[in-house]
Amino acid sequence: MSEDASRGERAAHNGARPSAPEVGAETLSAGRTITEADVVSFAALTGDWHPQHADADWAARSRFGERVAHGMLVLSFAVGLVDFDPERVVALRGLDSATFKRPVRIGDTIHVRSRVDDVRPVDDEHLLIRFAWRVTNQEQKLVVRARVEALWRLPVAAASERAAQAGEVDDPRADAVLL
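The structure is reproduced here in structure tokens:
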């Protein structure tokens, strides 16, 4: 997918945001090119100086023939690439079955296609949303597949509507400030 198409999809997604995404809804992130500085900084941050990531001579003799990015670095960038609404996403609650399919080389550009797989109510104000992520490189080859759960805050109006449907009645005194 072209860079312009990717931006167009993001712009459409960023327009009017729904109160909660629907099962099957998909988004495509902008791209992120993995740099030498990214790999070295991640190694320093995590202490993961495995020679596959940090030693060019060793990596040249490895299965991949060169240094590659840490899988967890790629997954971390995926989290940052996905377009979460900060007013709605309270927290990432879980990561399930992350599978690293191909190496990501320095200079590769990744994108994340995120699909809503499940939406479940937690309470009157929150939903648990399960996303399926497919991280691909610039050749659209799958590099990481993962399932992620996010705790989603409903807008006030939607939460009130859900409470009304459940038969709960708002007590106007609940908003009063006690002196």
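Just so we're aligned, residue 1 is where the sequence shown starts under our numbering, counting upward by one.
Cβ coordinates follow ideal geometry from the N, Cα and C atoms, glycine included.
Q: Can you check DSSP and say which residues form a bridge with Ser114?
A: In the DSSP assignment, Ser114 is bridged to Thr27, Trp133.
Q. Along the chain, where does the alpha helix (DSSP H) that runs through Asp38 open and close?
A. Judged by DSSP secondary structure, Asp38 falls within the alpha helix (DSSP H) whose first and last residues are 36 to 46.
Q. Ala78 and Val112: beta carbons closer than 7 Å?
A. Against a cut-off of 7 Å, the Cβ pair of Val112 and Ala78 comes out as a contact.
(Q) Looking at Ala100: is its Cβ nearer than 7 Å to the Cβ of Ser114? (A) Rather than Ala, the amino acid found at residue 100 in this sequence is Phe. Cβ atoms of Phe100 and Ser114: not closer than 7 Å.
Q) In the structure shown, what three-state DSSP assignment does Ser19 receive? A) The answer is coil: DSSP assigns Ser19 none of H, G, I, E or B.
Q.
Just verifying my parser: in three-state terms, what is the DSSP assignment at Pro121?
A. It is a strand residue.
Q. Whose C-alpha, out of Arg61, Leu28, Gly47, is nearest the C-alpha of Asp83?
A. Comparing Cα positions, the closest option is Leu28.
Q: For Val23, count neighbouring C-beta atoms within 10 Å of its own C-beta (all shown protein chains included) and say buried if the count is 16 or more, exposed if not.
A: That one is exposed.
Q: If I'm right that Ile106 touches Ala69 with Cβ under 8 Å, what's the distance once you round it to whole angstroms?
A: 7 Å between Cβ atoms; contact.
(Q) My assumption, with CB atoms under 8 Å, is that Leu154 sits in contact with Ala20. Please give the rounded CB distance. (A) Rounded to the nearest angstrom, the Cβ distance from Leu154 to Ala20 is 6 Å, consistent with a contact under 8 Å.
Q) Cβ atoms of Ala44 and His53: under 7 Å apart, would you say? A) Against a cut-off of 7 Å, the Cβ pair of Ala44 and His53 comes out as no contact.
Q. Out of curiosity, what's the CA-to-CA distance linking Val143 and Asp123?
A. Cα to Cα, Val143 sits roughly 35 Å from Asp123.
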